[in-house]
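To start, the structure itself, in structure tokens.
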Amino acid sequence: MKNIHAINSSLSFTQSFPCSICPLTRQTRLPFSSSDIHSTTHFQLIHIDTWGPYHSSTLNGARYFLTILDDFSRATWTHLMGAKSNVFDLLKVFITMAQTQFHIWLQTVRSDNAFELDSSLAYKCYFLL
Numbered sequence: 435m436k437n438i439h440a441i442n443s444s445l446s447f448t449q450s451f452p453c454s455i456c457p458l459t460r461q462t463r464l465p466f467s468s469s470d471i472h473s474t475t476h477f478q479l480i481h482i483d484t485w486g487p488y489h490s491s492t493l494n495g496a497r498y499f500l501t502i503l504d505d506f507s508r509a510t511w512t513h514l515m516g517a518k519s520n521v522f523d524l525l526k527v528f529i530t531m532a533q534t535q536f537h538i539w540l541q542t543v544r545s546d547n548a549f550e551l552d553s554s555l556a557y558k559c560y561f562l563l
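For the sequence shown, the numbering used here gives the first residue as 435, with consecutive numbering after it.
Below is the structure:
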């Protein structure tokens, strides 16, 4: 304790930290603008996102995840995937489940424009239902 020196109280700082630039330099892209569009019923709008690979796999070898969120109820479903190429198969199964279990047709799917979702296969998947 005797080796600790007192801080010079005559120091003054003119700018509070963190500076306005610091958080912006850590971002890889601009944040999404807030949306005034809100759903008024279940499955009117769902958000989907994929993530992975996770550093360890499950017992059946899944290292990727598909997350589906209903905008109205905030209900969330998470599906395990062995590869990102399984997204459309799982999405078709989910849409079919929503139609048979809840008797509701899905209206809008929103994603973050991930590469595995940005394909003409998505349109083929939708029109096959």
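Idealized CB from N, CA, C, for every residue including glycine.
- Ranges of the alpha helix (DSSP H) found wholly within the region 501–551, counting only runs of at least 4: Secondary structure within the region 501–551: the alpha helix (DSSP H) runs of 4 or more consecutive residues, fully enclosed, are 521–536 (chain order).
- Assumed close pair Met515, Ala496 - CB separation to whole angstroms, cut-off 8 Å: Locating residue 515 in the sequence shown gives position 81, counting from the first residue. Locating residue 496 in the sequence shown gives position 62, counting from the first residue. Taking 8 Å as the upper bound for CB-CB distance, Met515 and Ala496 are in contact here, some 6 Å apart.
- Neighbour-count burial assignment, Val521, 16 or more Cβ in a 10 Å radius: In the sequence shown, residue 521 corresponds to position 87, counting from 1. The residue in question, Val521, is buried, as its Cβ has 16 or more Cβ neighbours within 10 Å.
- Query: His489 lies in the beta strand (DSSP E); which residues open and close that run?
  - Reply: By 1-based counting over the sequence shown, the position of residue 489 is 55. That residue, His489, is in no beta strand (DSSP E); it is neither H nor E in DSSP.
- Query: For Leu562, is the classification buried or exposed, using 16 other Cβ atoms within 10 angstroms of its Cβ as the cut-off for buried?
  - Reply: The sequence position of residue 562 within the sequence shown is 128, counting from 1. Low per-residue confidence applies at Leu562: pLDDT is 49, beneath 50, and the placement is therefore not dependable enough to give any value.
- Item | Whether Asp582 touches His537 by CB criterion (8 Å) | No information on residue 582 is available, as it lies outside the stretch 435 to 563 that the chain covers here.
- Task: Determine the contact status of Ile480 and Leu540, defining contact as a CB-CB distance below 8 Å.
- Result: As a working note, residue 480 is residue 46 in the sequence shown. As a working note, residue 540 is residue 106 in the sequence shown. Yes, these two residues count as a Cβ contact at 8 Å.
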